[in-house]
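Let me begin by presenting the structure, written as structure tokens, before commenting on it.
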Amino acid sequence: MGALFIVAAGVRETGVIDAIARGALGSPRTLRSALLRIMIPVIGFSAFLNNTPVVAMLIPAVRDWARKLGIAPSKLMLPLSYAAILGGTCTLIGTSTNLVVSGLVEQQTSLGRLGIFDIAWLGVPCALVGAAFVIFAGPKLLPDRGSATSSLHDVREYTAEMMVPEGSPLMGRTVEGAGLRSLPRAYLVEIEREGHLIMAPGPTQLLREGDRLVFTGVVESIKELQTVRGLLPATNQIFKLDEARHNRSLVEAVVSTTSPLVGRTVKIARFRTLYNAVIIAVARNGERVRGQVGEIVMQPGDTLLLEARSQFVEHHRNNRDFFLVSQLEDSSSRRHQHATSAILIIAAMVLASATGVLSMLHASMLAAGLMLIARCTSVQAARDSVDWSALLVIASAFGIGTAIEKSGLASVAVEGLMGVAGGSPLAVLAAMYLVTTVLTELISNNAAVALVFPVAIGSAERLGVHLEPFIYSLMMAGSASFCTPIGYQTNMMVMGPGGYRFADYLRIGAPLNLGLGVITIVLAPLIWPF
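Those letters in the sequence shown? Residues 1 to 530, by the UniProt record's numbering.
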């Protein structure tokens, strides 16, 4: 499981998800079209990557996208979480719940190793039905409400200059074709080409080598510009920094009244020499400063957006030249040159596991190692990407399951379940699903499946039927957390950005839970007969 976090980090650090998300979101004309553009790509991502980092990476993009389209974030954030949950049910590696059940199966049954796509027979139909429900019912069932933090949103507007360097893949492409018209809350103000200005360039304007592009936008938008493959900050100072670009990040610094920068232009202040950092953009009183960045005369209170090495904040936090110094999260430059390697590595991992050449454990460990060797991610980024709390929960889940079985509690629960269901395999399966999905809404999904697994296996053995319908239904029930924000981590992550209340989850989540439960209970015995 830990290796999968590193694989996900490699995909993120190379900008693969950024590029796909930017192309997929686009400019839909209706809310249903917007929901479709969110649901399908995220389901695909989450089938092969851990849900939590996928949602974490997409929340800022979806939030700004909603603002650009004039759609309330509450109409899009919960579908983002639901899409990640639904995608996770499509493969064995899509969610930690499936990995917990798979580990328990190997440890406590004679079925051996489960295939990476075995659950897809059940997960894909459920994901498609779930996506269709959200797309068609979501506009009515989702609240029309702003973010809980919308009134506190950062409104600083920066001016930033980027350039099209030699060999850029953007050369010869139009502004719209390069994706520079659909950036959320960032606008291309002008293009400087060979001493001439092209004001308010249109979507069909072609880009050429050496073009200097002047953008205006909020800090999140300027940060996103750093992830666009084929664009670089338009200052020759950026190439003089003594640190590899992927080891740098974006930092905000507010100029103090005693700073030697006051009254001097960016160009003559020798900023790079003094601080080993480069000014990417400048904001003043929340508004953009007109003119080229290098010609801006700095004033007290100006907010500078810098590209600097990761130690900049630590070294200058108490520097009297700045009122405030803070690093932007996830602002390291993408390793675009290694994107192809990342795609090939994850494809090889899935193929090796699907064909049985390697177990999922060995395939993921090999893929994680290759991500580091191919420089798709750094050792530090890989270490930071691992969710140790999730690993601890998974490890403890095995102990919980064993304790329930050894203590005899599982046998008591089996007797009770058999009594309620009347000895019918289908009724027992339905009762098990109901118990699991209720537990999932109240406690963590991994703990829920660990508690119910011994009961499910014991019930199947008592009935003398095959284990598979119970195992795969348990996986689905453990992931079916749509009714509360506490049952699944991604549901909690979107609560603030979407401005949701507890009842909002119940309104759209309850029918979704019910529908997927019926599909699972009907399909599981047909796919894997009792």
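A virtual CB, placed ideally from N, CA and C, is assigned to each residue, including glycine.
Quiz prompt | For Ala47 and Val164, the rounded distance between their alpha carbons | solution = 35 Å
Quiz item: Which value, in whole angstroms, describes the spacing of the CA atoms of Leu474 and Asp321?
Solution: 59 Å
Quiz prompt | Cβ separation of Ile346 and Val7, assumed to be a contact under 8 Å, to the nearest whole Å | solution = 6 Å
Quiz item: Within 10 angstroms of its Cβ, does Phe502 collect 16 or more other Cβ (buried), or is it exposed?
Solution: exposed
Quiz item: Whose CA, out of Glu252, Asp302, Arg229 and Gly230, lies closest to the CA of Arg264?
Solution: Asp302
Quiz item: Cα separation between Gly294 and Phe271?
Solution: 11 Å
Quiz prompt | Cβ contact (3+ pairs, closer than 8 Å) linking the region 129-143 and the region 504-513 | solution = yes
Practice problem: Classify Gly517 as buried or exposed, calling it buried when 16 or more other Cβ atoms lie within 10 Å of its own Cβ. | Solution: buried
Exercise. For Pro469, count neighbouring Cβ atoms within 10 angstroms of its own Cβ and tell me buried if that reaches 16, exposed if not.
Key: buried
Practice problem: Out of Val438, Val251 and Met162, state which residue places its alpha-carbon closest to the alpha-carbon of Gln311. | Solution: Val251
Quiz prompt | Opposing strand residues paired with Gln327 [DSSP bridges] | solution = Val251
Exercise. Give me the Cβ distance between Ile116 and Ala83, rounded to the nearest whole Å; I'm assuming they're in contact under 8 Å.
Key: At roughly 20 Å, the Cβ-Cβ gap does not stay under 8 Å, so Ile116 and Ala83 are not in contact.
Quiz item: What are the start and end residues of the alpha helix (DSSP H) that includes Gly217?
Solution: Counting along the chain, Gly217 falls outside any alpha helix (DSSP H), though it belongs to the beta strand (DSSP E) covering Arg212 to Val218.
Self-check item: Same chain, Cβ closer than 8 Å to Val16, neighbours up to 5 away in sequence not counted
Solution: Ala339, Ala342 and Ile343
Self-check item: Contact check, Ala19 vs Arg229, beta carbons under 8 Å
Solution: yes
Exercise. Could you have a look at residue 531 and say whether DSSP puts it in helix, strand or coil?
Key: Limits of the chain in this structure are 1 at one end and 530 at the other, which puts residue 531 out of reach.
Quiz item: How would you label Phe136, buried or exposed, when you count the other beta carbons within 10 angstroms and need 16 or more for buried?
Solution: exposed
Quiz item: Around the C-beta of Met495, are 16 or more other C-beta atoms found within 10 angstroms, so that it is buried, or is it exposed?
Solution: buried
Self-check item: Complete runs of the alpha helix (DSSP H) confined to the region 63-90 [at least 4 residues]
Solution: 77-88
Quiz item: Taking Val124 as the reference, which of Glu314, Leu207, Cys90 and Pro485 has the closest Cα?
Solution: Cys90
Quiz item: Roughly how many angstroms lie between the CA atoms of Val379 and Arg12, to the nearest whole one?
Solution: 14 Å
Quiz item: Going straight from the alpha carbon of Val357 to that of Leu366, what length do you get?
Solution: 12 Å
Quiz item: Are Thr14 and His336 touching if we call contact CB-CB under 8 Å?
Solution: yes
Quiz item: Expressed to the nearest angstrom, what Euclidean distance is found between the alpha-carbon atoms of Ala308 and Leu207?
Solution: 28 Å
Practice problem: Thinking Leu114 and Ser102 are a contact (beta carbons under 8 Å), I'd like their distance in whole angstroms, please. | Solution: 5 Å
Quiz item: Taking just the CA atoms, how far does Ala382 sit from Ile519?
Solution: 38 Å
Exercise. Classify Arg334 as buried or exposed, calling it buried when 16 or more other Cβ atoms lie within 10 Å of its own Cβ.
Key: buried
Quiz item: Cβ atoms of Leu4 and Ile93: under 8 Å apart, would you say?
Solution: yes
Self-check item: As assigned by DSSP and simplified to three states, the class of Met105
Solution: In the sequence on display, residue 105 carries Val and not Met. Note: Val105 maps to helix in three-state DSSP.
Quiz item: Less than 8 Å separating the beta-carbons of residue 562 and Thr490?
Solution: Residue 562 lies beyond the range of the chain shown here (1 to 530); nothing can be said about it.
Exercise. Look up Arg193 in the DSSP assignment and say whether it is helix, strand or coil.
Key: strand
Exercise. With a threshold of 16 other CB atoms inside 10 Å of the CB of Arg37, please say whether the residue is buried or exposed.
Key: buried
Exercise. Mark Pro497 as exposed unless 16 or more other C-beta atoms lie within 10 angstroms of its C-beta, in which case mark it buried.
Key: buried
Self-check item: Spatially closest choice to Leu180 from Pro425, Glu194 and Thr227, by CA coordinates
Solution: Thr227
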